[in-house]
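Student: Residue numbers for the sequence shown follow this note's numbering, so the first one is 1128 and each next one is one higher. A virtual CB, placed ideally from N, CA and C, is assigned to each residue, including glycine.
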Amino acid sequence: MRGARDVRALVERGLVSADDAPALEAVVERYALLVSDYYLSLIDPADPACPIRKQALPDAAELVVAPEERSDPIGDAAHAPTPLLVHRYPDRALLFPTFRCPMYCRYCFRKVAINGEPIRLRQALDASLDYLRAHPAIAEVILSGGDPLMLSDDRLGELLGRLRAIPSVRRVRIHTRFPVTLPMRVDASLASLLAAHRPLFLVTHFNHPRELTPASALALRTLVDAGVTVLNQTVLLAGVNDDASVLAALFTGLLEHQVRPYYLHHPDLTVGTGHFRVSLDRGLSIARALRGRLTGLAWPTYVIDIPGGGGKVPVDSDFVRRGDRPGHWILRSPLGGEHLYVDPAHRD
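Quick look at the structure:
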C-alpha cells in the first residue's frame, strides 16, 4: 500500500492545495496521516465537502482542543488491568493486538493512542491471557485497536487459537475498518480462518453509502459466504452522515450485503474532533426521522459512551434524560451512578 503518508503526497494528487499544505503539515506532526490508494480514489477532488475527504484528510481544526475534550474519552485506562486489555463490563473485555490501522480516520476516538508507542503483542500478550483465565465471567473477547486485521493471517490465527483455548471464552468479536478502507485484505484465506473460530462476529465500520463500492461488496460477500456473521457500526459525524436520508441509504445498502447495522455511535469527546461533533438533540432528531422509515433489520441502536469510563448507553432510552438546563443531559451508567453530560455541540 503506497497511499498517502504525508501532505506532499496529497498536494501531488491534487487533493490539497500548496497554500494549505503548511497548516496541514502541522496537523500531521501531531496526528499521523495514512490513507490507502484505494480510499483516496473514492474522494471527489472537486468537492471540498466530500464525506470521504472529511474522514481521511487532515484538517487544521484538529489542532483546536476544547476544554471538555479528552485524550482517553471513554476511559479505557480506568479499566485496563494490563496494557492490552480493558475490562469494563462483567462478561466481556477488549483486547488490543495493535494500534496500527490501514487508515488513520481523522475522527478516531483513539487518535491519541494510535499516535503513541506501538503495542508489543508478543511481549505483552501472556499477562492478558492470564487475566482472562483468572476471570471466567469474561465470555466474550473483543479484538479492537487499531485494526486487528493488520496482523498477518498466521499471527491472527495464533491469537484466535490461544483465546479459544481458554474454556470460558465462548465467542470473539473483531472490529475492523479494512472492508471499508482496504477491502483487498479480505480474501478467501482470511474468511476461512475467521470462520474456523466461530462463534465469531466481525464488526465493520461503514459511515457513508459511498463507501459501499464493488470492492467492499466483494469483501463482504467473501466473509458472508464463508459463514462469518458481519455487523456494522457507524459514527454520527457532522458534514459526513448527519442526515436521515444518508443514513437510510447506508443502512439499507448494508442489508443488501447481508450486513446488519449494529450501532450508531454518538461522537466521543476526543481531542481535536469538535468539527465532527453533532448535538444530542440533532442525533435524536435524525434517529426519530428514521423510525418507521426502515425495516427493523436496518435499525441500529443509537448509543453514547459516557465520558470517562461510565459505559455505553442507548440515547433514546431512560438511560439518557434532559437536565435542568439546555444542553445538559443526565446519563445513567450501566455500571452504577449518574453523570452530567454538558453537550458541547448544543446550540440554543
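Quick one: Cα of F1305 to Cα of P1229, how far?
Tutor: Here residue 1305 is taken as the residue at index 178 of the sequence shown, counted from 1. Here residue 1229 is taken as the residue at index 102 of the sequence shown, counted from 1. When rounded, the distance between both Cα atoms is 7 Å.
Student: Please give me, in chain order, every unbroken run of the alpha helix (DSSP H) with length at least 4 that falls completely inside the region 1219-1274.
Tutor: Runs found: 1238-1241, 1248-1261.
Student: Closest to K1382 by CA distance: which of R1420, V1398, V1357, G1436 is it?
Tutor: The residue given as residue 1382 occupies position 255 in the sequence shown. For clarity, residue 1382 is Leu in the given sequence; the question names Lys instead. If we check each option's Cα against that of L1382, V1357 comes out closest.
Student: Verify whether the separation of the beta carbon atoms of G1437 and L1411 is less than 8 Å.
Tutor: Reading the sequence shown from its first residue, position 310 is the one you call residue 1437. Reading the sequence shown from its first residue, position 284 is the one you call residue 1411. Contact: no.
Student: If the criterion is Cβ atoms closer than 8 Å, does the pair Y1166 and E1189 meet it?
Tutor: Taking the sequence shown and counting its residues from 1, the one referred to as residue 1166 is at position 39. Taking the sequence shown and counting its residues from 1, the one referred to as residue 1189 is at position 62. No, these two residues do not count as a Cβ contact at 8 Å.
Student: Go to T1331, then tell me how far its alpha helix (DSSP H) extends in each direction, as first and last residue.
Tutor: Working through the sequence shown from its first residue, we reach residue 1331 at position 204. It is not in any alpha helix (DSSP H) - T1331 instead sits in the beta strand (DSSP E) that spans 1327-1331.
Student: Is G1454 helix, strand or coil by DSSP?
Tutor: For this step, residue 1454 is matched to residue 327 along the sequence shown. Three-state result, G1454: coil.
Student: E1465: buried (16+ other C-beta within 10 angstroms of its C-beta) or exposed?
Tutor: Within the sequence shown, the letter at position 338 stands for residue 1465. By the neighbour-count rule (16 or more Cβ atoms within 10 Å), E1465 is not buried but exposed.
Student: Looking at C-beta atoms only, is the number of pairs between the region 1217-1224 and the region 1265-1281 that lie closer than 8 Å three or more?
Tutor: Because the criterion of three Cβ pairs below 8 Å is met, the region 1217-1224 and the region 1265-1281 touch.
Student: Could you tell me which residues DSSP pairs with V1440 in its beta bridges?
Tutor: The residue you call residue 1440 lines up with position 313 of the sequence shown. For V1440, which the question treats as bridged, DSSP gives the partners I1431.
Student: I'd like to check one pair, N1359 with P1388: are the Cβ atoms closer than 8 Å?
Tutor: Taking the first residue of the sequence shown as position 1, residue 1388 is located at position 261. Taking the first residue of the sequence shown as position 1, residue 1359 is located at position 232. Result yes, Cβ atoms of P1388 and N1359 sit closer than 8 Å.
Student: Using only the alpha-carbon positions, how far apart do A1220 and A1145 sit?
Tutor: The residue given as residue 1220 occupies position 93 in the sequence shown. The residue given as residue 1145 occupies position 18 in the sequence shown. Using only the alpha carbons, I get a separation of about 45 Å.
Student: Between L1283 and L1320, which are expected to be in contact by the criterion C-beta below 8 Å, what is the C-beta distance as a whole number of angstroms?
Tutor: Looking up residue 1283 in the sequence shown gives position 156. Looking up residue 1320 in the sequence shown gives position 193. About 7 Å; that satisfies the 8 Å criterion.
Student: Which of helix, strand or coil does DSSP assign to H1402?
Tutor: Your numbering for residue 1402 matches position 275 in the sequence shown. Reduced to three states, the DSSP call for H1402 is helix.
Student: Buried or exposed for V1191, please, with buried defined as at least 16 other CB atoms from any protein chain shown within 10 angstroms of its CB.
Tutor: Along the sequence shown, one-based indexing puts residue 1191 at 64. Exposed.
Student: Can you confirm whether the region 1322-1332 touches the region 1294-1303 when touching is taken to mean that 3 or more C-beta pairs between the two stretches lie within less than 8 Å?
Tutor: The region 1294-1303 vs the region 1322-1332: in contact.
Student: Quick one: what's got a C-beta closer than 6 Å to V1239's C-beta in the same chain, skipping five residues either side?
Tutor: Locating residue 1239 in the sequence shown gives position 112, where the first residue counts as 1. Excluding residues within five positions, the ones whose Cβ falls inside 6 Å are S1198.
Student: Helix, strand or coil for Y1389? Go by DSSP, reduced to three states.
Tutor: As a first step, residue 1389 is located in the sequence shown; it is residue number 262 there, counting from the start. Note: Y1389 maps to strand in three-state DSSP.
Student: According to DSSP, is V1134 helix, strand or coil?
Tutor: Position 7 of the sequence shown, counting from 1, holds the residue named residue 1134. V1134: helix per DSSP, three-state reduction.
Student: So the beta strand (DSSP E) L1358 belongs to, where does it begin and stop?
Tutor: Numbered from its first residue, the sequence shown carries residue 1358 at position 231. Here the beta strand (DSSP E) through L1358 covers 1356-1362.
Student: To the nearest whole angstrom, what separates the beta carbons of L1396 and E1196, a pair I think is in contact under 8 Å?
Tutor: Indexing the sequence shown from 1 puts residue 1396 at position 269. Indexing the sequence shown from 1 puts residue 1196 at position 69. Going by Cβ atoms, the distance from L1396 to E1196 rounds to 5 Å, so yes, they are a contact pair.
Student: Thinking just about the alpha-carbon of each residue, which of A1344, I1433, D1164 is nearest to the one in R1132?
Tutor: Within the sequence shown, residue 1132 is the residue found at index 5, counting from 1. Ranking A1344, I1433, D1164 by Cα distance to R1132 puts D1164 first.
Student: Leaving out the 5 sequence neighbours to the left and right, which residues in its chain are closer than 7 Å to L1347 when beta-carbon positions are compared?
Tutor: As a working note, residue 1347 is residue 220 in the sequence shown. For L1347, where only same-chain residues beyond five positions count, the Cβ hits under 7 Å are P1306, V1357, H1384, V1386.
Student: What separation, rounded to the nearest whole angstrom, lies between the Cα atoms of P1172 and S1460?
Tutor: The residue given as residue 1172 occupies position 45 in the sequence shown. The residue given as residue 1460 occupies position 333 in the sequence shown. The straight-line gap from Cα to Cα measures roughly 43 Å.
Student: Taking just the CA atoms, how far does R1452 sit from Y1231?
Tutor: Position 104 of the sequence shown, counted from the start, is the residue given in the question as residue 1231. Position 325 of the sequence shown, counted from the start, is the residue given in the question as residue 1452. The straight-line gap from Cα to Cα measures roughly 37 Å.
Student: Could you give the distance in angstroms between the alpha-carbon of D1147 and the alpha-carbon of T1400?
Tutor: Within the sequence shown, numbered from 1, the residue matching residue 1147 stands at position 20. Within the sequence shown, numbered from 1, the residue matching residue 1400 stands at position 273. Straight-line Cα distance between these residues: approximately 19 Å.
Student: Buried or exposed, going by whether 16 or more other CB atoms sit within 10 Å of the CB of D1476?
Tutor: Outside the modelled stretch of the chain, which goes from 1128 to 1475, sits residue 1476, for which no answer is possible.
Student: Note the first and the last residue of the continuous alpha helix (DSSP H) segment covering L1407.
Tutor: To locate residue 1407, count along the sequence shown from 1; it is residue 280. Residues 1407-1417.
Student: Excluding the 5 residues flanking V1442 on each side, which residues of the same chain have their C-beta closer than 8 Å to its C-beta?
Tutor: Mapped onto the sequence shown, residue 1442 falls at position 315. These residues qualify, in order along the chain: H1393, L1407, G1410, L1411, A1414, Y1429, V1430, I1431.
Student: Please report the straight-line C-alpha distance between S1444 and L1421, rounded to a whole angstrom.
Tutor: If you number the sequence shown from 1, residue 1444 lands on position 317. If you number the sequence shown from 1, residue 1421 lands on position 294. Their backbone Cα atoms lie some 19 Å apart in a straight line.
Student: Could you check if D1186 is buried or exposed, using at least 16 other CB atoms within 10 Å of its CB as the buried criterion?
Tutor: The residue you call residue 1186 lines up with position 59 of the sequence shown. D1186 comes out buried.
Student: Would you list, in sequence order, the uninterrupted beta strand (DSSP E) runs of no fewer than 3 residues that lie entirely inside the region 1280-1311?
Tutor: You should have 1298-1302.
Student: Confirm, please, whether the CB-CB distance from V1405 to L1363 is below 8 Å.
Tutor: The count along the sequence shown starts at 1 and reaches residue 1363 at position 236. The count along the sequence shown starts at 1 and reaches residue 1405 at position 278. Yes, Cβ-Cβ distance for L1363 and V1405 is below 8 Å.
Student: Are any of the Cβ atoms in chain C nearer than 8 Å to that of E1189?
Tutor: No chain C appears in the structure shown, which is made up of a single protein chain.
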